[in-house]
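Start counting the sequence shown at 1; every next residue gets the next number (UniProt numbering). To start, the structure under review is shown below, and the notes come after it.
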Amino acid sequence: MIIKSSSYAVSAVKESQYPKDNLPEIALAGRSNVGKSSLINTLLKRKNLARTSSQPGKTQTLNFYMVNDDFYLVDVPGYGYAKVSQKKRQEFGEMIQDYLETRPNLKGLIILIDSRHEPTKDDIAMYNYAQYLNIPILVVCTKMDKIKKSQVNKVMSGLKSKLDLNYDHVTVLTFSSVTKLHVAELGDWIEDKISD
Ligand code: GDP
């Protein structure tokens with residue numbers, strides 16, 4: 001996919017605030033600090049479009065970015081941030097659930113997982129939930145530049161032990177915003193889903 005343009009479009013916490021121009025959407029979810037903003041900026045070749053989180057968990061809205069006047073990337077707030085209150089976490093949950101369950105424009109979900117750790121409880125819950133909703137999933141193992149070659153198999157077996165990768169609509173990709181590993185493949189997956 002060739003990125004011609006990208007811009008911040010809108011933030012939303014409920015359906016009435018979602019974009020109304022009926023373009024396909026690809027959502028990105030992951031725990032705070034997983035490298036989600038960095039991935040968005042890397043993919044879109046922007047330095048600071050998605051704000052990298054010096055304050056993890058701060059973004060509490062769905063942030064829509066328009067790409068190529070063609071589709072939206074939807075940045076879902078990072079989950080699993082301890083300092084957010086129970087009530088706030090519940091609200092996040094409902095906001096994300098509403099979006100994932102009711103949005104016909106949603107064509108795929110990218111779940112980011114830090115390759116230095118096995119999937120967390122939240123990662124597994126998000127994966128199982130998206131699978132249950134039959135949403136195409138791309139699992140992205142982030143920060144692969146921090147993984148030694150000899151440890152790559154371990155990352156994959158950790159993933160397989162926690163996630164049901166037999167799901168028909170899942171693809172797994174290793175990724176690094178530092179080395180740009182698999183950024184083209186990431187774009188290809190998105191292109192495929194939005195043109196389905
Ligand atoms: P977010 O909270 O998921 O949006 O995560 P950020 O994109 O803000 O990244 C969190 C931290 O991880 C920052 O210090 C980034 O510089 C760092 N980071 C993100 N991606 C990578 C990567 O691919 N490799 C390395 N080494 N660090 C990364």
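C-beta atoms are modelled at their ideal positions from N, C-alpha and C, and glycine is treated no differently. Just so you know, these numbers come straight off a predicted model, no measurement behind them.
Task: Three-state class that DSSP yields for F92 in the structure shown - done: Helix.
TODO: Rounded to whole angstroms, what's the CA-CA distance from V76 to N63? Just pull it up for me.
DONE: The straight-line gap from Cα to Cα measures roughly 7 Å.
Task: Which of helix, strand or coil DSSP assigns to K107 - done: Looking at K107 - three-state DSSP - the assignment turns out to be strand.
Task: Exposure label - S38; buried when at least 16 CB within 10 Å - done: Classification for S38: buried.
Task: P119 versus V152: straight-line alpha-carbon distance, rounded - done: Rounded to the nearest angstrom, the two C-alpha atoms are 15 Å apart.
Open item on the list: Given this structure, state the Cα-to-Cα distance separating I40 from E185, to the nearest angstrom.
Closed with: In a straight line, the C-alpha of I40 is about 14 Å away from that of E185.
Open item on the list: Quick check on DSSP: helix, strand or coil for A29?
Closed with: Residue state, collapsed to three classes: strand.
Open item on the list: Is it the case that the region 130 to 137 contacts the region 96 to 114, given that we only count it when at least three CB pairs across the two stretches are under 8 Å?
Closed with: Short answer: they touch.
Task: Paired residues, beta bridge with T174 - DSSP - done: According to DSSP, T174 bridges with C141.
Open item on the list: If I measure Cβ to Cβ from V155 and keep anything under 7 Å in the same chain, skipping five residues before and after, which residues do I get?
Closed with: Excluding positions up to five away in sequence, the list reads S115, C141 and I147.
Open item on the list: Can you tell me where the beta strand (DSSP E) holding A12 begins and where it ends?
Closed with: A12 -> beta strand (DSSP E) spans S6 to A12.
Task: Cutoff 8 Å; reference L157; Cβ partners in own chain excluding five residues on either side - done: It is Ser, not Leu, that sits at residue 157 in the sequence shown. The beta carbon of S157 is closer than 8 Å to none in its chain, skipping five residues each way along the sequence.
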